[in-house]
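**Q** The structure under discussion is supplied below as structure tokens; questions concerning it will follow.
Residue numbers (this note's numbering): 479 to 577.
Right, here's the structure in full:
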């Protein structure tokens, strides 16, 4: 079964109107499967050209954000993989719910 922690409920509550507005939010649930090869490092990829690394404490508190100074090709590949291995938010919620 899927663990619905309070923060996840908060995130999903925020996602719902964003999806209705046209944003493509996807879920990659690793509950019953192994990681398909994605890094533990959280990142944002802007315009296929700029990567911002998101750094957190072990409790989830954000430490900082760092603009990557280097080649972004690996991050493009990780984004492609994440999209290919994930499902749209609405599809995930239809199957597993969130409340």
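Using N, Cα and C, we set each Cβ at its ideal position, and we do this for glycine too.
Secondary structure at residue 484, three-state DSSP: helix, strand or coil?
**A** If you number the chain shown from 1, residue 484 lands on position 6. Helix.
**Q** Considering only C-alpha positions, which residue in the set 484, 528, 545, 542 is nearest to residue 551?
**A** Locating residue 551 in the chain shown gives position 73, where the first residue counts as 1. Nearest option by C-alpha distance: 528.
**Q** Which partner residues of residue 522 appear in the DSSP bridge assignment?
**A** The residue labelled residue 522 in the question sits at position 44 within the chain shown. Answer is 530.
**Q** Who pairs with residue 540 in a beta bridge, going by DSSP?
**A** On the chain shown, residue 540 is found 62 positions in, with the first residue counted as 1. In DSSP, residue 540 forms a bridge with 534.
**Q** Using DSSP bridges, identify the partner residues of residue 504.
**A** Within the chain shown, residue 504 is the residue found at index 26, counting from 1. DSSP, once it has assigned bridges, lists 566 as partnering residue 504.
**Q** Kindly give me the distance between the Cβ atoms of residue 530 and residue 544, rounded to whole angstroms, as I take these residues to be in contact under 8 Å.
**A** Sequence index remark: in the chain shown, residue 530 carries index 52 (1-based). Sequence index remark: in the chain shown, residue 544 carries index 66 (1-based). About 7 Å separates the two Cβ atoms, so the contact holds.
**Q** Which whole-angstrom value describes the C-beta separation of residue 508 and residue 556, a residue pair presumed to lie in contact below a C-beta threshold of 8 Å?
**A** Working through the chain shown from its first residue, we reach residue 508 at position 30. Working through the chain shown from its first residue, we reach residue 556 at position 78. Not quite, the Cβ-Cβ distance comes to about 15 Å (not below 8 Å), so this is no contact.
**Q** When burial is assigned at 16 or more other CB atoms within 10 Å of the CB, is residue 492 buried or exposed?
**A** Locating residue 492 in the chain shown gives position 14, where the first residue counts as 1. So residue 492 counts as exposed.
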